[in-house]
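Heads up: the structure comes next, in structure tokens.
In this note's numbering, the protein residues as written are 306 to 572.
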């Protein structure tokens, strides 16, 4: 099984990258069994709307994950309980709208489980992510051996700890949230693919997607500023995962960092 996971899509530049580069990646790989994206920043840099969600799903995306910005656009409350391809962090309190995991059917007909969990360190007050995993895992394991965890967290140590904790239980742990792609992709000893952060899909001539002048001014003056999505040097970041068809364990993990300008020049 071959899966493409694309990192945090930021605003219209990120959606533009997805629309222009995803077909190229699909062609180069001779297709994927599943395409999963984190889109918590896809609408104006914060949150998700129905129209943006539909736009992304129309691009052959199978599952959308989110994170701490999932509630930043109130339009989400209109559809999060009814959208079958969308997950939010599972460790929100009981009764929170939406769901924290799902099992989707891949192009090959194989079922793939997708879990979304948020970290605690330097984040909002979520329930313990390790306890949350323990509660969810048996339910997903009963349905499929192909399981991907989007761990949306700030602290590198917390992400690495989660990777080791679930090694051999899930097919892959992909870190999101920081918007900076790390170079530590690996297969852990028990067969789980791991990367601390897959990176951002959007404008990299920026401070993690926002106009750099506004962010710099905020740091210099310590005064609040309204951040706006930047627009230059648009890059798609993600990982390609290859899983064993029998065991569900990872065979390979490959980083993707594809500037949109490279594809435009080649056309």
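Virtual Cβ for every residue (Gly too), placed ideally from N, Cα, C.
Looking at the structure shown, is residue 310 part of a helix, part of a strand, or coil, going by DSSP? strand
Could you tell me the distance, in whole angstroms, from the CA atom of residue 340 to the CA atom of residue 521? 35 Å
May I have a chain-ordered list of the beta strand (DSSP E) segments no shorter than 3 residues that lie completely inside the region 319 to 357? Within the region 319 to 357, the beta strand (DSSP E) runs of at least 3 residues that lie entirely inside it are, in chain order, 339 to 343.
Alpha helix (DSSP H) containing residue 440: first to last residue? 434 to 446
Residue 306 vs residue 454 beta-carbon contact at 8 Å: Against a cut-off of 8 Å, the Cβ pair of residue 454 and residue 306 comes out as no contact.
Length-filtered (4 minimum) alpha helix (DSSP H) runs lying within the region 469 to 545: 517 to 526
Residue 547 in three-state terms, based on DSSP: strand
Suppose only complete runs of 3+ residues qualify. What are the beta strand (DSSP E) ranges in the region 351 to 397, listed by chain order? Runs of the beta strand (DSSP E) inside the region 351 to 397: 368 to 370.
Enclosing beta strand (DSSP E) for residue 408 [first to last residue]: Residue 408: member of the beta strand (DSSP E) spanning 406 to 410, first to last residue.
Using the DSSP secondary-structure output, state which residues sit across from residue 567 in a beta bridge. DSSP lists no partner for residue 567.
Buried or exposed (CB count within 10 angstroms, at least 16 for buried), residue 393: That one is buried.
Segment contact, 8 Å Cβ cut-off, at least three pairs: the region 556 to 564 with the region 460 to 476: no
Using a Cβ-Cβ cutoff of less than 7 Å, which residues in the same chain neighbour residue 480 once the five nearest sequence positions on both sides are dropped? 456, 458, 464, 500, 501, 502 and 503
For the candidate residues 319, 325, 334 and 516, whose alpha-carbon lies nearest to that of residue 343? Taking each of 319, 325, 334 and 516 in turn and checking the Cα distance to residue 343, the smallest one comes out for 319.
Spatial neighbours of residue 380 in its chain, beta-carbon cut-off 7 Å, leaving aside the 5 residues before and after: 354 and 355
For residue 405, which of 451, 441 and 387 has the nearest alpha-carbon? Answer by Cα proximity: 441.
Could you give the DSSP three-state label for residue 420: helix, strand or coil? strand
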